[in-house]
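Heads up: the structure comes next, in structure tokens.
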Amino acid sequence: MNAPSDTDSASPQAARDVVRWLTNETRDERFIDNIFAELCVRLQQAGIPVKRATMNLLIHHPQWLGARINWSNGMREAAITRVDYDVQERSEYIGSPVYEVHQGAAEVRERLDQDPSQRRKHALYDELRALGMTDYVAWPLYHTLGKRHAVTFATDRAGGFDDAHVAALSSLLPVLALVSEIRMKNRLARTLLETYVGTHAGELILAGATRRGSGTTVRAAIMICDLRDFTRISDNWPRDDVIDLLNDYFDAMSEPIVRHGGEILKFIGDGLLAIFPLSDPKACANLLKAVSEAREAMAALSEKNSMMGRAPMNYGIGVHVGDVMYGNIGSRSRLDFTVIGPAVNMASRLETLTKQLKRTVLLSRAFADFVDGEFKLEHVGEHPVRGFSEPIELFAFNG
11 MNAPSDTDSA
21 SPQAARDVVR
31 WLTNETRDER
41 FIDNIFAELC
51 VRLQQAGIPV
61 KRATMNLLIH
71 HPQWLGARIN
81 WSNGMREAAI
91 TRVDYDVQER
101 SEYIGSPVYE
111 VHQGAAEVRE
121 RLDQDPSQRR
131 KHALYDELRA
141 LGMTDYVAWP
151 LYHTLGKRHA
161 VTFATDRAGG
171 FDDAHVAALS
181 SLLPVLALVS
191 EIRMKNRLAR
201 TLLETYVGTH
211 AGELILAGAT
221 RRGSGTTVRA
231 AIMICDLRDF
241 TRISDNWPRD
251 DVIDLLNDYF
261 DAMSEPIVRH
271 GGEILKFIGD
281 GLLAIFPLSD
291 PKACANLLKA
301 VSEAREAMAA
311 LSEKNSMMGR
321 APMNYGIGVH
331 VGDVMYGNIG
341 SRSRLDFTVI
351 GPAVNMASRL
361 ETLTKQLKRT
371 VLLSRAFADF
381 VDGEFKLEHV
391 GEHPVRGFSE
401 PIELFAFNG
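Under the numbering used here, think of the first position of the sequence shown as 11, with each following residue one higher.
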């Protein structure tokens, strides 16, 4: 959409048309940032001289406090910036208009072109003046159960927004709050599922795969990792130190897995279960690349711990490949999206064998065949595996 070149008079009917569009014609748009960008252009076409606008949403993601959606005149799409939790301690937020809204202000209005002696001090206002803005207004967006977000608009019109402009913008707020809350809840549901069950499982659940017993057979490389001596550590270390250690350990292991296309299905105490579906021809090679990077990250973590007088961190990884049942298992009211089957059991047994054979990473022959010639593997012979009738040929990976 293209904005008119001169937006100096707001038509009441045009403003009502924007509200009608927001209410009735955005139901097929999935993302709030796209809606917000089109809203700003439609406001310009309605004669409301918006040149810059933001939505500031508190999303409480595990990694981010919120997100800021930024739109400026001429942008076809809005830009999204993640906001870290520590922003609450930074000057860019403290004392800002959004801070005032979060603290309870019903409106924050600043005439940016007024006499310098009357101006409120904050870096944001200086930035807006430098961009030629003359007026700025911020309002809360009220979501259900007391949740409070913020939306802001700025203009470079001589004399700032007039009363009709402000009234038209204000009339949008209830509908914008509803539209943004629906999209936020959709995004939050997706984020929570990705956080707790992984991206692929989350997509399946959102698509309706929620019946107990529903699932599919997937051929995958399975990786099970376990931290050594965790019982001793948890018995002797302060609780907060134990939690920090686990988080650091899981970061070191998890980030390479995700980076190379693996999916972490669960954390089990001090262990994790991940799969690399063989629908990707490079899945097995990617698993070993992830293991190599995780090994480097664990070495760096152990070095950091040694500087604090702590013992090195040891771990074991068992890897196998095979068919697994991937789906919902559990009680009538509490389900777990996971993988089960003999191949998972084998990977678990190989992880246990790493202690006995004094190897960090053990691979089955079935898995090793997939990466033959690509990686240097150490043959460690055939060994009995609990629960399996025949000895299993094993390889160690030291790369």
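Note that the Cβ used here is the ideal one computed from N, Cα and C, for glycine as well.
| Check | Outcome |
| --- | --- |
| Using C-beta distances below 7 Å, list every residue in its chain close to L151, excluding the 5 sequence neighbours before and after it, in chain order. | H159, A160, V161, L183, L186, A187, S190 |
| Over the uninterrupted alpha helix (DSSP H) stretch that includes L75, give me the two end residues. | Premise fails: L75 is in no alpha helix (DSSP H) and is neither H nor E. |
| So what does DSSP say about I90, is it helix, strand or coil? | strand |
| By alpha-carbon positions, which one of G397, L367, E384, G383 ends up nearest to L404? | L367 |
| What are the complete alpha helix (DSSP H) segments, minimum 4 residues, inside the stretch 47-71? | none |
| From the DSSP output, in three-state form, read off K314 for me. | helix |
| Can you find at least 3 beta carbon pairs, one from the stretch 37-52 and one from the stretch 80-91, that sit closer than 8 Å? | yes |
| Reducing DSSP to helix, strand and coil, say where H210 ends up. | helix |
| To the nearest angstrom, how far is the alpha carbon of T437 from that of S341? | No answer is possible for residue 437: it lies beyond the span of the chain, which begins at 11 and ends at 409. |
| Please give me, in chain order, every unbroken run of the beta strand (DSSP E) with length at least 3 that falls completely inside the stretch 93-153. | 118-121, 145-152 |
| Could you please give the first and the last residue of the uninterrupted alpha helix (DSSP H) stretch that includes E392? | Looking at the DSSP string, E392 is not in any alpha helix (DSSP H); the run it does join, the beta strand (DSSP E), is 387-393. |
| Among residues of its own chain, excluding the 5 on either side of Y109, which ones have a beta-carbon nearer than 7 Å to its beta-carbon? | Y103 |
| What are the residues that DSSP puts in a beta bridge with K276? | L283 |
| In this structure, how does DSSP classify R26 when only helix, strand and coil are distinguished? | helix |
| Taking a contact to mean a Cβ-Cβ separation below 8 Å, would you say F398 touches M356 in this structure? | yes |
| When the Cα atoms are used, what is the spatial distance from P287 to G271? | 9 Å |
| Cβ atoms of A140 and S101: under 8 Å apart, would you say? | no |
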